[in-house]
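Inspection log for the structure reproduced underneath, given as structure tokens.
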Amino acid sequence: MRVIGFNFGKGQLRFSVLEGTFQNPRQIQYDRRLHNSDLPTSEKMDWYRKNFLELIDQFNPDQLSYRFGSNGTNDQMRNLIFPCSVLQLTAFDKQIVTKEWTSRLLNPSRFGHPPNTDLYTLCDTQFGNLTPYWDKSQKAATLCAWLSLKV
């Protein structure tokens, strides 16, 4: 199975492409794509749609997954909720399954580890300490893809 995991942030889209199984994941690629965070909302959503389509065409995933969380601010809606909606619609059009993960669901027990396990360190252990952009935002996209290999 091949999964693209996404993590959204202001002015950026993080993605991680994994394939294989939950027990034996292989990282195909990870990266970040930047955009002007001051774009009008409609232009920003068009940017996301084009990037989602490009990544889907490039990697031909079986599933798309993403980290979802909201504190309800207008900024959060424009930078997280709206892109998630565009991703869902794009996946629907391409007939690709999606899975959303909240921070609460991305926990060590789902990875078979004790509650005090640092998931970001677990990413380093499993995939290596990669560069560039191998930070918490990138690892969140990777965790989403990895956990989606399990379901």
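Reminder that position 9 of the sequence shown reads as 15 in our numbering, one-by-one numbering, no gaps.
Using N, Cα and C, we set each Cβ at its ideal position, and we do this for glycine too.
Taking the alpha-carbon positions, what's the residue i to residue j distance?
{"i": "T104", "j": "A147", "result": "14 Å"}
{"i": "P31", "j": "L149", "result": "11 Å"}
{"i": "T27", "j": "Q35", "result": "16 Å"}
{"i": "Y126", "j": "D68", "result": "25 Å"}
{"i": "R20", "j": "M7", "result": "20 Å"}
{"i": "R116", "j": "L93", "result": "24 Å"}
{"i": "R110", "j": "T123", "result": "14 Å"}
{"i": "C90", "j": "D37", "result": "18 Å"}
{"i": "A151", "j": "G11", "result": "4 Å"}
{"i": "Q18", "j": "N42", "result": "8 Å"}
{"i": "L24", "j": "Q33", "result": "5 Å"}
{"i": "D63", "j": "D44", "result": "27 Å"}
{"i": "W53", "j": "L136", "result": "27 Å"}
According to the neighbour-count rule (16 or more other Cβ atoms, all chains shown, within 10 Å of its Cβ), is residue i buried or exposed?
{"i": "N13", "result": "buried"}
{"i": "L59", "result": "exposed"}
{"i": "N57", "result": "buried"}
{"i": "Q144", "result": "buried"}
{"i": "F74", "result": "buried"}
Since residue i is in the alpha helix (DSSP H), which residue starts that stretch and which ends it?
{"i": "T104", "result": "From DSSP, T104 is part of no alpha helix (DSSP H) but of the beta strand (DSSP E) over 103-107."}
{"i": "I62", "result": "47-65"}
{"i": "K145", "result": "142-154"}
To which residues does DSSP link residue i through a beta bridge?
{"i": "G11", "result": "S22, S71"}
{"i": "L40", "result": "Q18"}
{"i": "P31", "result": "G26"}
Could you work out which residue in the options is closest to residue i when comparing CA atoms only?
{"i": "K142", "options": "W152, E60, C129", "result": "C129"}
{"i": "T47", "options": "Q132, L86, L61, S22", "result": "L86"}
{"i": "P138", "options": "K16, L70, S22, I62", "result": "S22"}
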